[in-house]
Amino acid sequence: MQSQLISSNTPNHVATRFHDSQNVSRSVTMSSQEITDLVGARHDSVKRTIERLAEKGVIQIPPMVEKPTGGRPSAEYVFSGDKGKRDSIVVVAQLSPEFTATLVDRWQELEERSAKPVFDYAAALNDPRTLLALLTQNVTKVVALEADNTELSHENLMLEQKVAADAPKTAFFDAVTVTHETYSVAEAAKLIGTGQNRLMAFLRQRRWVTIRKNEPMQSPIESGYLTAKLSTFEHPENGKTTVSTPRVTGKGLTKLQALWARRDADLLGGAL
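So in UniProt numbering, spot 177 of the sequence shown is number 177, and the numbers just go up one at a time.
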């Protein structure tokens, strides 16, 4: 299968184009659209930054993939391999330096996921959503059995109905509180039902992470809500750099779920 659509003597700042059906690389990849979602910028702005840095010789222009949409195909740059990882860090450092640590953490997650078997049964058993489904089923069966075999007073019946109504939430809290897993901010946002950038802003307002670099603060670490994941990478300007990325514990996810549920009534920005 022919993979490149232009000749091999393409200048360093001109992207090789591929169709979405073609195999760009079997290694871990990250697209310009993913970077856009990460930093909360416009895709055209991210692509212009990539092209400008390539023209200056700071990075090598990555291949471009055309993805079909409802209308005009969307063109995305795709970074891959160690070189692509390094270049994507340069791009994010140029766009939003405070998200550099998050990008490094995202690359590590993608690399770890790529190294895992296709069907990771151990991860499935440790997935709070799986535990939530099982626990919710068990609670529903217990409540139904008690209702069929026990003659309850009106007060007890009202209490049982409340327990049944709260069962999914209780099961969720129980499942994530006892697990030893930690979650990235992106994973925690999905479990809570919001976006990564909104949750990160909420963490800054609650003083769980620092305002400039999104690094975990000491108070939520001491409370058992967060852990700090240290990552080291080669910064194009500052050399070897260590960054601290927040990881949400099961206890922290339970706390966040409760805070997020009543966020409209809370005064955002308060202490823990």
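The C-beta atom is built at its ideal place from N, Cα and C for all residues, glycine as well. Bear in mind the structure is a predicted one, so any value in this text is a computation, not a measurement.
- For M64, the enclosing beta strand (DSSP E) starts and ends at 64–67.
- Ranked by Cα distance from I61, the options L38, V90, R72, P73 are led by V90.
- Rounded to the nearest whole angstrom, the CA to CA distance from K67 to S31 is 11 Å.
- Counting along the chain, the unbroken alpha helix (DSSP H) around A258 starts and ends at 250–261.
- Between the C-alpha atoms of E34 and N138 there is a straight-line separation of about 39 Å.
- The DSSP-derived three-state label of M30 is strand.
- For E98 against R212, the beta-carbon gap comes to about 6 Å, under 8 Å, which counts as contact.
- Judged by DSSP in its simplified three-state form, G239 adopts strand.
- Here the alpha carbons of T245 and A228 stand approximately 6 Å from one another.
- Here the alpha carbons of T140 and T49 stand approximately 54 Å from one another.
- Residue V104 holds the alpha-carbon nearest to the alpha-carbon of T29 among T69, V104, G57.
- D44 counts as exposed, since fewer than 16 other C-beta atoms from the protein chains shown sit within 10 angstroms of its C-beta.
- Here P246 carries a strand assignment [DSSP, helix/strand/coil].
- With a beta-carbon spacing of about 7 Å, L191 and P128 fall inside the 8 Å limit used to define contacts.
- S88: member of the alpha helix (DSSP H) spanning 81–95, first to last residue.
- Of the candidates S27, R52, R106, the residue whose Cα lies closest to the Cα of D37 is R106.
- N197: member of the alpha helix (DSSP H) spanning 196–205, first to last residue.
- Here V65 really is in contact with E76; their C-beta atoms are around 5 Å apart, less than 8 Å.
- Between the alpha carbons of S231 and S96 lies a distance of about 18 Å.
- DSSP, read as helix, strand or coil, puts E111 in helix.
- Its Cα nearest to that of T102, the residue E215 stands out among E215, G195, W208.
- Under the three-state reduction of DSSP output, E55 falls in the helix class.
- When rounded, the separation of the alpha-carbon atoms in M200 and A186 is 9 Å.
- Around the beta carbon of L53, a 10 Å sphere encloses 16 or more other beta carbons of the protein chains shown; the residue is thus reported as buried.
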